[in-house]
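A.B. asks: In the working numbering, the protein residues as written are 27 to 676. I'd like to ask you about the structure that follows.
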């Protein structure tokens, strides 16, 4: 709209210059010609960029809720021009009798008029004034005022049909986001020399899915793994390495079980005074970059990395490693910056920073001159904001770290690294994983559950489930069975996590997540393969569907066709909501709703009609097959964002 307006102004300006030149009153005709040329160049540039923008926009899925908000926003502005920031509430209707969407702004405006202008106006009267000022648009068929002042909105069927056709021809394209912003996501973040356990599961799965969503929406995403790869624990590990594998500098030490190696070194650190002293000396030598100690540190880190990568490969996780060691050289400057700006206090030899609104200070230097997690987290925050130039910075870290992270963020704001009105810095907190006894998820012996064991158990149970259904006997080949096992096992583990509100704790249960009834990955994956099979069994291939998408009009006369069509087109508004609140369970709820809405449609509307006696296909209702295809296309993109890999046969 801005570009169109500028084009009008430029065109008028060019006409004005032409007239001005023709009158012969210009002191410098040459100057006018130059100005005219510049304006024409600008006009051509704008027209071209507008054309490109329109080309992109025509392929993008339209967020119907946002369109309706723009329409009703304009109507309210016209009806009540003096109101500042009037409430704009547009939601999908819960029942067909109330239309397709509802605008519920009238009640809020009533309250504002009463408070600010002492005008007593009924919500219904306000709703009538709003509806009279609705601008011309392509999506609304009619509006009705119901009850005290709800505005029920009925969409045009040709508009919905056109959007579905666009989806089928162009695929699922994200709505345009304007300027391409940079997003940095900090997730997973295990500690070197310790195995990944069930506690790392949530950060890894949630973080990966958030990255996929932002990438799909067109953002520039940097996925960071803030490994715990520096600190005093390396002193005891290196000292133990020297004792156990004295020739580690020339012969690569065969550390098979790093967890056991860690426990042995910790036991010695706690019980042997001499070993403890040597461990502290090792820390000093490591931090002073002694080559032999750097080599020992790298060996230990490499063993851990290989173990972490096995899990990342299983779960299809992509990360760039940037552990605490990456920020080590920056920490001295962080301390100096806080000192120079007068924020540092000395407490019993420690250098601390009090942040307004937070009772516990940040310790940026210990009394022995060492740095802390607070220092490395501040260094990481500054680097991401000032060097990486992040517009959005998300930390996917458990709720227990909430106060610490909020203090670090507030310190960054206090020292001037970012303005929260310009840069979004968010803690995407999550609850803990519980066992079926509602206590913290542990093994029978009371140990933390190793993540690799959990994934292997998932694979075993998924295969058992497929064999129970006798999928191995006649339905699937050995290769298809293996693909289905992996899809179900890892898909179910991811979905069980993502389908719960991340702010809450959730109960881990293989029985529930592998159930093929209800809101589970098993149900959705099976529903997806069934939908994909409909066209295949009717001998309709992809080329035929593409041809039909270009030529067929999607008829939405049956109430179940209409319901499904609208449900499919709600996908962009679901994604927009998650980009704002980072709550991925909304996508899971939507996919489940889409699958159940499809089932209603399929049970009531024949897609392929067959002869009852012979079973031969007598009629293919192509517009309904296109609805099947649109459903599957949206489901596939939803699965991709959740990191779930569907299979064609299950």
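For glycine and all other residues, C-beta sits at the position ideal for the given N, C-alpha and C. Please read all numbers here as calculations on a predicted model, not as lab measurements.
When the distance is taken between beta carbons, is residue 135 closer than 8 Å to residue 112?
C.D. replies: Residue 112 sits at position 86 when you count from the first residue of the chain shown. Residue 135 sits at position 109 when you count from the first residue of the chain shown. Closer than 8 Å, so yes.
A.B. asks: Name the DSSP beta bridge partners of residue 217, please?
C.D. replies: Counted from its first residue, the chain shown places residue 217 at position 191. The partner list for residue 217 (beta bridge, DSSP) reads 254.
A.B. asks: For residue 339, which of helix, strand or coil comes out of DSSP?
C.D. replies: To locate residue 339, count along the chain shown from 1; it is residue 313. Annotated three-state conformation of residue 339 is helix, per DSSP.
A.B. asks: Is DSSP giving residue 178 helix, strand or coil here?
C.D. replies: As a first step, residue 178 is located in the chain shown; it is residue number 152 there, counting from the start. Looking at residue 178 - three-state DSSP - the assignment turns out to be strand.
A.B. asks: Quick check: what's the CA-CA separation for residue 533 versus residue 625?
C.D. replies: The residue given as residue 533 occupies position 507 in the chain shown. The residue given as residue 625 occupies position 599 in the chain shown. Between residue 533 and residue 625, the C-alpha separation is close to 28 Å.
A.B. asks: Can you name, in chain order, every residue of its own chain whose Cβ lies under 8 Å from the Cβ of residue 80, other than the five neighbours on each side?
C.D. replies: Looking up residue 80 in the chain shown gives position 54. Note that residue 80 has pLDDT 49, beneath the 50 cutoff, so the model's placement of it is unreliable and the number below is only indicative. Excluding sequence neighbours, residue 80 sits near nothing in its chain.
A.B. asks: Below 6 Å CB to CB, which residues in the same chain sit around residue 663 once its five sequence neighbours on both sides are set aside?
C.D. replies: If you number the chain shown from 1, residue 663 lands on position 637. Contacts found: 198.
A.B. asks: Determine the DSSP secondary structure at residue 303, reduced to helix, strand or coil.
C.D. replies: Your numbering for residue 303 matches position 277 in the chain shown. It is helical.
A.B. asks: Quick check: what's the CA-CA separation for residue 335 versus residue 554?
C.D. replies: Residue mapping note: residue 335 aligns to position 309 of the chain shown, counting from 1. Residue mapping note: residue 554 aligns to position 528 of the chain shown, counting from 1. Whole-angstrom Cα-Cα distance: 30 Å.
A.B. asks: Going by DSSP in three states, residue 387 sits in which element: helix, strand or coil?
C.D. replies: Here the question's residue 387 lines up with position 361 in the chain shown. Residue state, collapsed to three classes: coil.
A.B. asks: What are the partner residues of residue 117, as DSSP defines its beta bridges?
C.D. replies: Numbered from 1 along the chain shown, position 91 holds the residue referred to as residue 117. Beta bridge pairing from DSSP links residue 117 with 128.
A.B. asks: Would you decide whether residue 576 is buried or exposed? Buried here means 16 or more other CB atoms lie within 10 Å of its CB.
C.D. replies: If you number the chain shown from 1, residue 576 lands on position 550. Taking every protein chain shown into account, the CB of residue 576 has fewer than 16 other CB atoms within 10 angstroms, so this residue is exposed.
A.B. asks: What does residue 246 pair with, by DSSP beta-bridge criteria?
C.D. replies: Against the chain shown, residue 246 aligns to sequence position 220. The partner list for residue 246 (beta bridge, DSSP) reads 208.
A.B. asks: Between 503, 461 and 515, which has its C-alpha nearest residue 484's C-alpha?
C.D. replies: By 1-based counting over the chain shown, the position of residue 484 is 458. Residue 515 is the option with its Cα nearest to residue 484.
A.B. asks: Are the beta-carbon atoms of residue 414 and residue 248 separated by less than 8 Å?
C.D. replies: To locate residue 414, count along the chain shown from 1; it is residue 388. To locate residue 248, count along the chain shown from 1; it is residue 222. Taking 8 Å as the Cβ cut-off, residue 414 and residue 248 qualify as a contacting pair.
A.B. asks: Between residue 656 and residue 181, which are expected to be in contact by the criterion C-beta below 8 Å, what is the C-beta distance as a whole number of angstroms?
C.D. replies: In the chain shown, counting from the first residue as 1, residue 656 sits at position 630. In the chain shown, counting from the first residue as 1, residue 181 sits at position 155. Cβ-Cβ separation between residue 656 and residue 181: approximately 16 Å, too far for a contact (criterion under 8 Å).
A.B. asks: Who pairs with residue 371 in a beta bridge, going by DSSP?
C.D. replies: Locating residue 371 in the chain shown gives position 345, where the first residue counts as 1. 378.
A.B. asks: Taking 8 Å as the threshold (C-beta atoms), are residue 590 and residue 623 in contact?
C.D. replies: The sequence position of residue 623 within the chain shown is 597, counting from 1. The sequence position of residue 590 within the chain shown is 564, counting from 1. Cβ distance < 8 Å, so residue 623 and residue 590 count as in contact.
A.B. asks: Pair every Cβ in the stretch 275 to 290 with every Cβ in the stretch 368 to 376, then say whether three or more of these pairs are closer than 8 Å.
C.D. replies: no
A.B. asks: For a test of the three-state rule: what should DSSP assign to residue 223, helix, strand or coil?
C.D. replies: Along the chain shown, read from residue 1 onward, the residue named residue 223 stands at position 197. In this structure, residue 223 counts as strand in the three-state DSSP scheme.
A.B. asks: So, at 6 Å on beta carbons, what are the nonlocal neighbours of residue 196 in its own chain, with the 5 sequence-adjacent residues on each side left out?
C.D. replies: Position 170 of the chain shown, counted from the first residue, corresponds to residue 196. Cβ within range, chain order: 85.
A.B. asks: So does the stretch 330 to 346 actually touch the stretch 231 to 250, counting three or more Cβ pairs closer than 8 Å?
C.D. replies: yes
A.B. asks: Can you find at least 3 beta carbon pairs, one from the stretch 535 to 552 and one from the stretch 158 to 172, that sit closer than 8 Å?
C.D. replies: no
A.B. asks: Residue 593 and residue 548: beta carbons closer than 8 Å?
C.D. replies: Counting from 1 along the chain shown, the entry for residue 593 is found at position 567. Counting from 1 along the chain shown, the entry for residue 548 is found at position 522. No, the pair does not count as a contact, with Cβ atoms beyond the cut-off.
A.B. asks: Quick check on the burial criterion: 16 or more other C-beta atoms within 10 angstroms. Buried or exposed for residue 584?
C.D. replies: Numbered from its first residue, the chain shown carries residue 584 at position 558. Counting Cβ neighbours within 10 Å, residue 584 comes out exposed, since fewer than 16 surround it.
A.B. asks: With H, G and I counted as helix, E and B as strand and the rest as coil, what does DSSP make of residue 638?
C.D. replies: The count along the chain shown starts at 1 and reaches residue 638 at position 612. It is coil, neither helix nor strand.
A.B. asks: What are the start and end residues of the alpha helix (DSSP H) that includes residue 421?
C.D. replies: On the chain shown, position 395 is the one that residue 421 refers to. Residue 421 -> not in any alpha helix (DSSP H); beta strand (DSSP E) instead, spanning 418 to 421.
A.B. asks: Helix, strand or coil for residue 646 per DSSP?
C.D. replies: As a position in the chain shown, residue 646 is number 620, starting the count at 1. Note: residue 646 maps to strand in three-state DSSP.
A.B. asks: Can you tell me which of the three DSSP states residue 476 falls into?
C.D. replies: Along the chain shown, one-based indexing puts residue 476 at 450. Strand, per DSSP.
A.B. asks: Is residue 289 close to chain B? Criterion is C-beta to C-beta, closer than 8 Å.
C.D. replies: Checking the listed chains, one finds no chain B in this structure; it contains a single protein chain.
A.B. asks: Between the beta-carbon of residue 420 and the beta-carbon of residue 455, is there less than 8 Å?
C.D. replies: For this step, residue 420 is matched to residue 394 along the chain shown. For this step, residue 455 is matched to residue 429 along the chain shown. The answer is no: Cβ separation not under 8 Å.
A.B. asks: Indicate the three-state DSSP secondary structure (helix, strand or coil) for residue 162 in the structure shown.
C.D. replies: In the chain shown, the residue the question calls residue 162 occupies position 136. Looking at residue 162 - three-state DSSP - the assignment turns out to be coil, as it is neither helix nor strand.
A.B. asks: Would you give the residue range spanned by the alpha helix (DSSP H) that residue 556 belongs to?
C.D. replies: As a working note, residue 556 is residue 530 in the chain shown. Segment 547 to 563, the alpha helix (DSSP H) holding residue 556.
A.B. asks: Whole angstroms is fine: what's the gap from residue 674's alpha carbon to residue 617's?
C.D. replies: The residue you call residue 674 lines up with position 648 of the chain shown. The residue you call residue 617 lines up with position 591 of the chain shown. So the two alpha carbons sit approximately 18 Å from each other.
A.B. asks: Indicate whether residue 264 and residue 308 have their beta-carbon atoms separated by less than 8 Å.
C.D. replies: In the chain shown, residue 264 corresponds to position 238, counting from 1. In the chain shown, residue 308 corresponds to position 282, counting from 1. Yes, these two residues count as a Cβ contact at 8 Å.
A.B. asks: Give me the residue from 672, 632 and 637 with the minimum Cα distance to residue 654.
C.D. replies: For the purposes of this step, residue 654 is identified with residue 628 of the chain shown, where counting begins at 1. Checking every option, the nearest Cα to that of residue 654 belongs to 632.
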